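In my numbering, the protein residues as written are 1 to 437.
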């Protein structure tokens with residue numbers, strides 16, 4: 001497997017995590033409308049006064065509650081009528097008053113689209129209708145849920161003012177109540193309605209804020225999950241490349257030599273065939289180890305990581321597969337494990353690239369340095385000496401190696417040698433251990 005799977009995996013993940021437009025075959029849902037009106041700044045989501053539309057049964061019980069309150073007021077008013085009175089206002093109480101209330105109840109469903117207009121109209125109509133008082137109180141409370149002080153104050157003042165004529169709208173068998181008592185009752189009722197409406201509005205705003213924060217947290221979690229999948233696929237692709245590319249490229253080079261050189265002696269042909277068989281077997285074993293770790297759970301053990309001491313074995317394997325490699329290691333002690341693994345991967349990638357692009361070349365591997373001075377790794381080849389078609393190249397091997405070196409705090413350089421061949425060099429930090437001189 002090659003590092004070009006990194007790009008493919010990234011594209012797949014980003015394509016799956018990209019939000020896609022949904023078909024709109026009907027009215028906008030309440031959640032979509034709420035999200036469209038929510039804004040975000042540095043302090044978090046800012047929630048507007050947008051409210052989702054009510055369902056029929058939710059609308060119905062609200063209207064029934066307003067009608068019930070109006071009927072209570074109507075019954076109380078009718079109970080105060082003088083017996084045997086022929087006042088024409090009584091006829092209005094029986095016929096006109098309920099009709100005006102029905103008109104007020106009919107416009108209440110529009111209160112969320114036109115809150116101020118509906119509230120003002122219902123309050124004014126309630127001046128000539130006792131039954132409409134319930135609708136007026138409900139319209140005022142609905143307006144108070146918006147938590148707009150100016151709008152609510154104007155509507156509340158209008159409601160108190162228009163309530164005064166309503167007290168004397170119909171004849172009463174008792175003496176009229178004092179003005180201060182009527183005013184006090186009106187202010188108290190309006191104040192209770194406004195306070196309840198403001199509390200309901202605050203609760204709605206809190207719920208919208210919590211819902212927006214939950215949706216934001218879900219989006220962030222989805223983004224983190226997508227990023228984690230990308231990183232995991234990158235790690236898997238890099239591990240597969242490091243484990244298999246070296247073996248497979250050398251096997252392909254040997255197979256290319258067998259196909260190109262038809263004049264080889266039988267013993268060399270047999271040696272190359274054995275090398276191909278051994279390399280293929282080792283590649284399968286390493287692939288089985290990697291896949292076994294991937295199948296295991298998070299608590300599964302990772303495969304053994306290469307170290308600085310494995311460099312001679314790596315060079316010996318390359319020699320056994322037909323490369324002419326020399327290793328010169330002049331280091332003062334053994335570098336840290338992380339740096340040692342990076343050195344191993346650099347040499348492995350260099351030998352892999354020689355097998356792909358420069359078959360038959362002589363390779364010189366140099367590792368030198370010490371604590372404090374850093375570590376320099378160089379893989380230099382003399383150029384191809386055989387015209388053998390190698391395996392297809394992805395171009396991502398050096399990119400992944402550069403990322404690995406950068407994570408280790410080093411620098412990677414690769415360029416063509418003016419004298420022929422190619423040079424892969426890296427400089428890695430080698431910190432001085434505490435207690436050493």
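Here a beta-carbon is modelled for each residue, glycine too, at the ideal position from N, C-alpha and C. None of the values given here were measured: they were computed from a predicted structure.
In the three-state scheme derived from DSSP, where H, G and I count as helix and E and B as strand, residue 114 is classed as coil. Annotation for residue 415: the continuous beta strand (DSSP E) segment containing it runs 411-416. In this structure, the alpha-carbon of residue 344 lies about 15 Å from that of residue 429.
Of 136, 60, 401 and 208, the smallest CA-CA separation from residue 156 is found for 136. Cβ neighbours of residue 432 within its own chain (closer than 8 Å, five residues either side excluded): 371 and 372. DSSP places residue 370 within a strand segment (E or B) once states are collapsed to three. DSSP, reduced to helix, strand and coil, places residue 363 within a strand of the structure shown.
In the displayed model, residue 381 falls within a strand according to three-state DSSP.
Going by C-alpha positions, residue 74 is about 30 Å away from residue 147.
Of all alpha-carbon atoms in 317, 88 and 326, the one lying nearest the alpha-carbon of residue 254 is that of 317. Of the candidates 172, 133, 130 and 111, 172 places its Cα closest to the Cα of residue 87.
Annotated three-state conformation of residue 321 is coil, per DSSP. Using a 10 angstroms sphere on the CB of residue 257, the tally of other CB atoms reaches 16 or more, which defines it as buried.
Going by beta carbons, residue 191 and residue 144 fall outside the 7 Å limit.
Taking 7 Å as the cut-off, the beta carbon of residue 349 is found no closer than this to the beta carbon of residue 409.
A Cβ-Cβ separation of about 5 Å places residue 325 in contact with residue 363 under the 8 Å criterion. Only residues of its own chain outside the window of five on either side were considered, and among them 111 have a CB closer than 6 Å to the CB of residue 142, listed in chain order. The criterion of a C-beta distance shorter than 7 Å is satisfied by residue 358 and residue 383.
When only Cα atoms are considered, residue 333 and residue 366 end up about 15 Å apart. In its chain, beyond the 5 residues on either side, 423 have a beta carbon closer than 7 Å to the beta carbon of residue 415. Residue 107 is not a Cβ neighbour of residue 100, given a cutoff of 7 Å.
Of the residues 338, 400, 402 and 421, the one whose Cα lies closest to the Cα of residue 379 is 421. Between residue 399 and residue 354, the beta carbon gap of about 18 Å keeps them out of contact (Cβ cut-off 8 Å). Looking only at 66, 91, 82 and 260, the smallest Cα-Cα distance to residue 126 is reached by 66. Within the DSSP bridge table, the entry for residue 167 names no partner. Uninterrupted alpha helix (DSSP H) stretches at least 4 residues long and entirely within the segment 213-258 do not occur. Boundaries of the alpha helix (DSSP H) around residue 60: 56-79.
Annotation: residue 60 to residue 236 spans about 59 Å, alpha carbon to alpha carbon. Under the DSSP assignment, residue 341 falls outside any beta strand (DSSP E), being part of the alpha helix (DSSP H) whose first and last residues are 337-357. If you check the CB distance, residue 105 and residue 76 do not come in under 7 Å.
Listed in chain order, the non-local C-beta contacts of residue 56 below 8 Å within the same chain number zero, local neighbours out to five positions each way being set aside.
One alpha carbon belongs to residue 328, the other to residue 315, and they sit about 11 Å apart.
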